[in-house]
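First up is the structure itself, then whatever we jot down about it.
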Amino acid sequence: MQRFLPLVVVLALVVLFLAMMLSDRNPKEIKSVIVGREAPAFSLPGLKDATATITDADLKSGQPILVNFFASWCVPCRAEHEHLMELARERHIPIIGIAYKDDPEKARAFLEELGDPYMVTANDADGRTGIDWGVSGVPETFVIDGKGIVRYRHWGPVVDGNIEAKVMPAIEGAR
Amino acid sequence: MAGLKTRKKQRLVIATAAVAAVVGAVILITLGLGGDSLSLFLQPEQVLQKKVEAGKRFRLGGLVATGSFIRDDDGLTYRFTVTDCVADIPVRFKGLLPDLFREGQGVVTEGRLDADGTFIAETVLAKHDENYAPPGTAPKNAEACSHPEGLKAEAGSY
Amino acid sequence: MLAEVGHFALVLALVLALVGATVPHVGIHKGHTRLMAMADRVAVGMFLMVAIAFAALTHAFVTSDFSVLVVAANSHTAKPMLYKISGVWGNHEGSLMLWVLILSLFAAAVSMAGRKLPLRFRARVLSVQCLLAVGFLLFILLTSNPFLRLDPAPIEGNGLNPLLQDPGLAFHPPMLYLGYVGLSVSFSFAVAALIEGEVSPLWARWVRPWTLMAWIFLTGGLALGSWWAYYELGWGGWWFWDPVENAAFMPWLAAAALLHSAIVVEKRDALKSWTILLAIVAFSFSLLGTFLVRSGVLTSVHAFAVDPARGVFILGFLAFVIGGSMTLYAWRAPKLVPGGLFGMVSRESALILNNILLSCFAAVVLVGTLYPLVMEAFGAGQISVGAPFFEYGATVLMSPLIVALGMGPLLAWKRGRIGRAAQVVLPALIVALVAGLYVVWQSAGGLVMTAFGLGLALWLIASVLLEIAERTQLFKNPERFWSRLKAIPRASWGMSMAHAGLAVILLGITISEAWSREELQLVAPGDRVAVGGYDFLFEGVAPVAGPNFTAVRGFFTVSKGGREVARLMPEDRVYADPVMNTTEASIHPLPGGDLYAVIGEAAGKGRWSVRLYFKPFISGLWAGSLMMMIGGLLSLSDRRRRVGAPMGKRKEA
Numbered sequence: 362m363q364r365f366l367p368l369v370v371v372l373a374l375v376v377l378f379l380a381m382m383l384s385d386r387n388p389k390e391i392k393s394v395i396v397g398r399e400a401p402a403f404s405l406p407g408l409k410d411a412t413a414t415i416t417d418a419d420l421k422s423g424q425p426i427l428v429n430f431f432a433s434w435c436v437p438c439r440a441e442h443e444h445l446m447e448l449a450r451e452r453h454i455p456i457i458g459i460a461y462k463d464d465p466e467k468a469r470a471f472l473e474e475l476g477d478p479y480m481v482t483a484n485d486a487d488g489r490t491g492i493d494w495g496v497s498g499v500p501e502t503f504v505i506d507g508k509g510i511v512r513y514r515h516w517g518p519v520v521d522g523n524i525e526a527k528v529m530p531a532i533e534g535a536r
Numbered sequence: 036m037a038g039l040k041t042r043k044k045q046r047l048v049i050a051t052a053a054v055a056a057v058v059g060a061v062i063l064i065t066l067g068l069g070g071d072s073l074s075l076f077l078q079p080e081q082v083l084q085k086k087v088e089a090g091k092r093f094r095l096g097g098l099v100a101t102g103s104f105i106r107d108d109d110g111l112t113y114r115f116t117v118t119d120c121v122a123d124i125p126v127r128f129k130g131l132l133p134d135l136f137r138e139g140q141g142v143v144t145e146g147r148l149d150a151d152g153t154f155i156a157e158t159v160l161a162k163h164d165e166n167y168a169p170p171g172t173a174p175k176n177a178e179a180c181s182h183p184e185g186l187k188a189e190a191g192s193y
Numbered sequence: 036m037l038a039e040v041g042h043f044a045l046v047l048a049l050v051l052a053l054v055g056a057t058v059p060h061v062g063i064h065k066g067h068t069r070l071m072a073m074a075d076r077v078a079v080g081m082f083l084m085v086a087i088a089f090a091a092l093t094h095a096f097v098t099s100d101f102s103v104l105v106v107a108a109n110s111h112t113a114k115p116m117l118y119k120i121s122g123v124w125g126n127h128e129g130s131l132m133l134w135v136l137i138l139s140l141f142a143a144a145v146s147m148a149g150r151k152l153p154l155r156f157r158a159r160v161l162s163v164q165c166l167l168a169v170g171f172l173l174f175i176l177l178t179s180n181p182f183l184r185l186d187p188a189p190i191e192g193n194g195l196n197p198l199l200q201d202p203g204l205a206f207h208p209p210m211l212y213l214g215y216v217g218l219s220v221s222f223s224f225a226v227a228a229l230i231e232g233e234v235s236p237l238w239a240r241w242v243r244p245w246t247l248m249a250w251i252f253l254t255g256g257l258a259l260g261s262w263w264a265y266y267e268l269g270w271g272g273w274w275f276w277d278p279v280e281n282a283a284f285m286p287w288l289a290a291a292a293l294l295h296s297a298i299v300v301e302k303r304d305a306l307k308s309w310t311i312l313l314a315i316v317a318f319s320f321s322l323l324g325t326f327l328v329r330s331g332v333l334t335s336v337h338a339f340a341v342d343p344a345r346g347v348f349i350l351g352f353l354a355f356v357i358g359g360s361m362t363l364y365a366w367r368a369p370k371l372v373p374g375g376l377f378g379m380v381s382r383e384s385a386l387i388l389n390n391i392l393l394s395c396f397a398a399v400v401l402v403g404t405l406y407p408l409v410m411e412a413f414g415a416g417q418i419s420v421g422a423p424f425f426e427y428g429a430t431v432l433m434s435p436l437i438v439a440l441g442m443g444p445l446l447a448w449k450r451g452r453i454g455r456a457a458q459v460v461l462p463a464l465i466v467a468l469v470a471g472l473y474v475v476w477q478s479a480g481g482l483v484m485t486a487f488g489l490g491l492a493l494w495l496i497a498s499v500l501l502e503i504a505e506r507t508q509l510f511k512n513p514e515r516f517w518s519r520l521k522a523i524p525r526a527s528w529g530m531s532m533a534h535a536g537l538a539v540i541l542l543g544i545t546i547s548e549a550w551s552r553e554e555l556q557l558v559a560p561g562d563r564v565a566v567g568g569y570d571f572l573f574e575g576v577a578p579v580a581g582p583n584f585t586a587v588r589g590f591f592t593v594s595k596g597g598r599e600v601a602r603l604m605p606e607d608r609v610y611a612d613p614v615m616n617t618t619e620a621s622i623h624p625l626p627g628g629d630l631y632a633v634i635g636e637a638a639g640k641g642r643w644s645v646r647l648y649f650k651p652f653i654s655g656l657w658a659g660s661l662m663m664m665i666g667g668l669l670s671l672s673d674r675r676r677r678v679g680a681p682m683g684k685r686k687e688a
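Residue numbers (the working numbering), protein chains in the order written: chain X, 362 to 536; chain Z, 36 to 193; chain B, 36 to 688.
If you want it as structure tokens, here you go:
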């Protein structure tokens, strides 16, 4: 009998690990807070035109919109950039970019080098808006519906697989 | 005592020893998990809700409230407020602060409340780097922080 | 171009591993020698392919080829060469490459050094090893490909976390991985034995050197890791019972237990089933460690970036390997016929006690590590299990172990006499008691635990020496002492050395815990601070610049009785890419203890906050670890136990 004991212990641990991994825990727990609510209010200067002001009112355009936090110092942002370009150019999805804790000079160079998928780009130099949105690291992308309600939060880069699997369904759902 | 003549007997002895060891380990673990070896992880709102008693060791996580940071005259004691934008807990810490400690940033501290409700921290861990926040420092009540003043410590918070 | 070569080599390695995992079994089934012998060629070929891939990745790091994503994310042109190389394994993808490199290296080594193993058995072992490689290669290729390109390539990389830019940490992962993965050999031997349904003393003889080697590396890896924590984190601590540290400590405990139980199998043909189980458990702990670090299930400062897909893959692999081997165990263990009988008081019993205590400790560490997870799963909120729990477990379980350790080597196999052994170690008991009582008396009853620890350590050292004296009949027959001393086999020296190493570690812990002195002060240039009898004179600060950082450096002159003994220069560094501060403690080891200084921030009016320590005999921790490693090496170099060189009598088992 006791020869089955190790096997039982192992199986119990595997179940525990699986349960913990599949449950939504930190840092994703913020999702449950922000998703389904109105997007946090903000008011930021533009990245290209510092005199312009971009606010949460810009989110309520009547159609789904993406808000993407990025930074020039962040490598995964580079990886997701071409996919954002594709979303903007080919699928005509409006994206608002927010440069997170970045030197505006470098952020502009980043967009110049890789292309600019954003409808408008705001500059969150001290990261305050990022904190309000519960951003725990860049890149992070939010799907906002026409009424300004957050429908989906994407943690990490928006790349190949998860565009079709997660981001697009969220956008369709927000229509 | 000395000789174990049969295999059966020997097995019995080994089995008894093993069972004794397992029972011993279980007792050890239950005893060990009492007292100070376990510490809860709480954010300020939970601290007030649960009415954590003074002297109980726990870990407090949240954001360092903007404008709350002061250094005492001895130059080694620091005071600041940890907030989750719903409730605030004043914290006192004597020692060297971690390099990444900043106002408005996430922080995890470990220590106890004193009689006045000030959290006496023994260790302070600051946010690790741009891509990694210690778990739990992002406020559970993120929307409460959405007001730009949310991070400022307000006396007698709600 | 080279990155593509590396990628291709990795795919070839996978193909070879698949062949190696299957074909030898077919060969054994059909009794086809050539097919069995395939295992050897596959093992060597796989190693070559993985080595090519690893070299390609290293090349990308060394030449700062930022068109490779991993390099861009983890390296920087301004980084010193050492850290460009250590950057290869300083990230998730590269560290997995190192895993597979070592795994295939060990497969090749078993094939080369194990020529004397029966072909049938060697083929089994190698095919298990290949199966493990299949899992890891698939994992790399499917979820963590290190050769992904980044287009367009950035001009500059992201840099390596400055905390990791440290010589101690550069060598820590390879060392630890050699240990982790080294246990895969014991595992493969155990699984092969289960499949064959036979465990013989010969089996233990083959498996022991491999386990010993893995254990030596694990010891080294743990020692390097704690040394790094001691001087890099800047507050004098050296072990934190962090989940990732525990994950490395559990295999060490299991490997230590395995080393001892394999002796019983070898000498007395007993404890077979338990030894097999331990071999499986030891490697399972290694896999568990890998899983915990990469899945994000537990949070730790050492953790890699979290990716659920990776976590699920490793968990699946874990379930397959551990669950599969445990099922095999449950099925085949009854086939293992128990061997020799032994008395209640005997070397065997002492080794069983060692095994029970070590395994219980490993279990306590496991529970402490996973307890927060269980509590969270049942909705009890976030909880952390702190050091007191583990320290308590260590005290309760390791004390009887050390008491027994003094006596164990003196007991005879089969049936020992406790009276005789007690007679020999009586002086050790007296030394321990006197030292302990003296400390209690000196501190007026204050340092009971210190006295206890000190007593235990001295007991162990004294009984190790007495055991050597007994062996050489120093007291009965002194004129033949030298010739007898020379006749002691190296394996015995190794044992004595390793046991004494444990005592030295215990001394280091006890003394440094009890008599460390610490001052936290605000100082201006010219101020003096007295710490533990040493006089620290603060001379001021100066800015310095390194290759990829700038720093504020503080200057201290330390003197004792007016005589200068050391100069300390702690730094507070700011790294440029990524921007990050680190504290560089300055440490000067003296025979009696370490002088340790950390500089904090400016406090205005030319004053700086500083933290100064005197840590007596803390070097005992690392000296003791080194003694354990040397002990292991001595034992390994014993002619009777050289890797794969057991007597070549039996050709086909």
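All C-beta atoms, glycine included, are put in the ideal place defined by N, C-alpha and C.
**OP:** Give the DSSP bridge partners of Arg602(B), in chain order.
**Re:** Position 567 of the third sequence, counted from the start, is the residue given in the question as residue 602(B). Looking at the DSSP assignment, Arg602(B) forms a beta bridge with Thr592(B).
| field | Complete alpha helix (DSSP H) runs within the segment 473-522 of chain X (minimum length 4 residues, chain order) | value | 489-494
- Query: In chain B, which residues lie with their C-beta within 9 Å of the C-beta of Gln84(Z)?
  - Reply: The residue you call residue 84(Z) lines up with position 49 of the second sequence. Result: empty, since nearest Cβ-Cβ is about 12 Å, beyond 9 Å.
Notebook entry, point to check: Which same chain residues, not among the five before or five after Met248(B), have their C-beta less than 6 Å away from its C-beta?
Noted result: By one-based count along the third sequence, residue 248(B) stands at place 213. If we look at Met248(B) and ignore the five residues flanking it on each side, its Cβ neighbours are Gly217.
Under the three-state reduction of DSSP, which class applies to His67(B): helix, strand or coil? On the third sequence, residue 67(B) is found 32 positions in, with the first residue counted as 1. DSSP places His67(B) in coil when its eight states are reduced to three.
Given that Ile357(B) touches chain X, what residues does it touch there, using C-beta distances under 7 Å? Mapped onto the third sequence, residue 357(B) falls at position 322. What Ile357(B) touches in chain X: Val371.
Practice task
With 8 Å as the limit, tell me which residues of the segment 364-379 of chain B have their beta carbon closer than that to any beta carbon of chain X; keep them in chain order.
Solution key: Tyr364, Ala365, Ala368 and Pro369
Going by other Cβ atoms of all chains shown within 10 Å of its Cβ, with 16 needed for buried, is Phe377(B) buried or exposed?
Counting from 1 along the third sequence, the entry for residue 377(B) is found at position 342. When all chains shown are included, Phe377(B) counts as buried.
- Query: Whole-angstrom Cβ separation of Ile87(B) and Val135(B), contact assumed at under 8 Å?
  - Reply: As a first step, residue 87(B) must be located in the third sequence, where it is residue number 52. As a first step, residue 135(B) must be located in the third sequence, where it is residue number 100. With 8 Å as the limit, Ile87(B) and Val135(B) do not qualify as a contact, their Cβ atoms being about 12 Å apart.
Checklist line | Whole alpha helix (DSSP H) elements within the segment 598-669 of chain B, 4-residue minimum | finding: Runs of the alpha helix (DSSP H) lying entirely within the segment 598-669 of chain B, each at least 4 residues long, are absent.
| task | Would you kindly work out how many angstroms separate the C-alpha atoms of Val564(B) and Trp643(B), rounded to a whole number? | result | Reading the third sequence from its first residue, position 529 is the one you call residue 564(B). Reading the third sequence from its first residue, position 608 is the one you call residue 643(B). Each residue's alpha carbon lies about 13 Å from the other.
To which residues does DSSP link Asp570(B) through a beta bridge? As a first step, residue 570(B) is located in the third sequence; it is residue number 535 there, counting from the start. Beta-bridge pairing links Asp570(B) to Ala565(B) and Ser594(B).
Discussion item. I want to verify the contact list: residues of chain B whose CB lies under 7 Å from the CB of Gln45(Z), in sequence order.
Written reply: What you label residue 45(Z) is simply residue 10 of the second sequence in a count that begins at 1. Ordered by position in chain B, the residues that pass the 7 Å Cβ test against Gln45(Z) are Leu376.
Would a C-beta distance cut-off of 8 Å place Thr112(B) and Ser660(B) closer than the cut-off? In the third sequence, the residue the question calls residue 112(B) occupies position 77. In the third sequence, the residue the question calls residue 660(B) occupies position 625. The answer is no: Cβ separation not under 8 Å.
State the DSSP-derived secondary structure class of Arg46(Z), mapped to helix, strand or coil.
In the second sequence, the residue the question calls residue 46(Z) occupies position 11. In the structure shown, Arg46(Z) sits in a helix (DSSP, three-state: H, G or I).
For Arg685(B), collect the residues of the same chain with a Cβ closer than 6 Å to its Cβ; drop the 5 residues on either side in sequence, then sort them by chain order. As a working note, residue 685(B) is residue 650 in the third sequence. With a pLDDT of 39 at Arg685(B), under the threshold of 50, the modelled position of this residue cannot be trusted, and the question is left open.
Inset, instruction - Check distances from the C-beta atoms of the segment 102-130 of chain Z to those of chain B and list, in chain order, the residues that come in under 9 Å. - result: Arg106, Asp109, Gly110, Leu111, Lys129 and Gly130
- request: Answer yes or no: does any C-beta atom of chain B fall closer than 8 Å to that of Pro174(Z)?
  value: Here residue 174(Z) refers to the residue found at position 139 when the second sequence is read from its first residue. In this prediction, Pro174(Z) scores a pLDDT of 47, lower than 50, which makes its location untrustworthy; the coordinate-derived value is nonetheless stated afterwards. Not one chain B Cβ lies under 8 Å of Pro174(Z).
CB contact check: Leu368(X) to chain A, cutoff 8 Å: Looking at the structure shown, chain A is missing, and the protein chains on hand are X, Z and B.
With a threshold of 7 Å on Cβ separation, who are the neighbours of Ala492(B) within its own chain once the five nearest residues in sequence on each side are excluded? As a working mapping, residue 492(B) is identified with position 457 in the third sequence. Hits under 7 Å: Ala538, Leu541, Leu542 and Thr545.
Among the candidates Val593(B), Glu619(B) and Ala415(B), whose CA atom is the shortest distance from the CA of Pro605(B)? Position 570 of the third sequence holds residue 605(B). Closest option to Pro605(B), Cα to Cα, is Glu619(B).
In its own chain, which residues sit with a C-beta less than 6 Å from the C-beta of Thr153(Z), not counting the 5 before and 5 after it?
Counting from 1 along the second sequence, the entry for residue 153(Z) is found at position 118. Within the same chain, Thr153(Z) has close Cβ partners Pro125 and Arg127.
- Query: Under the three-state reduction of DSSP, which class applies to Thr178(B): helix, strand or coil?
  - Reply: Within the third sequence, numbered from 1, the residue matching residue 178(B) stands at position 143. Shown here, Thr178(B) sits in a helix according to DSSP, grouped into three states.
Q.
Quick check on DSSP: helix, strand or coil for Pro125(Z)?
A. Looking up residue 125(Z) in the second sequence gives position 90. Strand at Pro125(Z).
Item to complete: Sort Ala439(B), Leu327(B) and Arg552(B) by Cα distance to Ile496(B) and report the nearest one.
Response: Numbered from its first residue, the third sequence carries residue 496(B) at position 461. That would be Ala439(B), whose Cα lies nearest to the Cα of Ile496(B).
With a threshold of 8 Å between beta carbons, is Ser419(B) in contact with chain Z? Locating residue 419(B) in the third sequence gives position 384, where the first residue counts as 1. It does; some Cβ of chain Z falls within 8 Å.
Contact set between Ala440(X) and chain B, taken where Cβ atoms lie within less than 8 Å: Reading the first sequence from its first residue, position 79 is the one you call residue 440(X). Under the 8 Å cutoff, chain B gives Leu104 and Leu185.
Exercise for review: Figure out for me which residue from Leu401(B), Trp448(B), Gly488(B) and Met410(B) has the closest Cα to the Cα of Ile437(B).
Suggested key: Sequence index remark: in the third sequence, residue 437(B) carries index 402 (1-based). The closest CA to that of Ile437(B), considering only Leu401(B), Trp448(B), Gly488(B) and Met410(B), is found on Gly488(B).
(Q) So for Pro189(B), helix, strand or coil by DSSP? (A) Residue 189(B) sits at position 154 when you count from the first residue of the third sequence. Here Pro189(B) sits in coil by DSSP.
*asked:* Please classify Lys36(B) as buried or exposed, where buried requires at least 16 other C-beta atoms within 10 Å of its C-beta.
replied: Counting from one through the third sequence, the residue named residue 36(B) turns up at place 1. Looking at the sequence itself, residue 36(B) is Met, so the reference to Lys does not match. Exposed, by the Cβ-count rule.
### Task
Please name the residue or residues paired with Phe224(B) in a DSSP beta bridge.
As a position in the third sequence, residue 224(B) is number 189, starting the count at 1. According to DSSP, Phe224(B) bridges with nothing at all.
Alpha-carbon to alpha-carbon, Ser422(X) and Asn429(X): Here residue 429(X) refers to the residue found at position 68 when the first sequence is read from its first residue. Here residue 422(X) refers to the residue found at position 61 when the first sequence is read from its first residue. For Asn429(X) and Ser422(X), the distance between alpha carbons rounds to 16 Å.
- Measuring CB to CB, does Ala467(B) end up less than 8 Å from Gly443(B)? The residue labelled residue 467(B) in the question sits at position 432 within the third sequence. The residue labelled residue 443(B) in the question sits at position 408 within the third sequence. No.
Alpha carbon to alpha carbon, what distance is there between Leu53(B) and Ala397(B)?
The residue given as residue 397(B) occupies position 362 in the third sequence. The residue given as residue 53(B) occupies position 18 in the third sequence. Going by the C-alpha atoms only, they are around 34 Å apart.
Residue range of the alpha helix (DSSP H) that includes Ser419(B) | Taking the third sequence and counting its residues from 1, one reaches residue 419(B) at position 384. Bounds of any alpha helix (DSSP H) do not take in Ser419(B); it lies within the beta strand (DSSP E) bounded by Ile418 to Val420.
Which of helix, strand or coil DSSP assigns to Gly374(B)
On the third sequence, position 339 is the one that residue 374(B) refers to. Note: Gly374(B) maps to coil in three-state DSSP.
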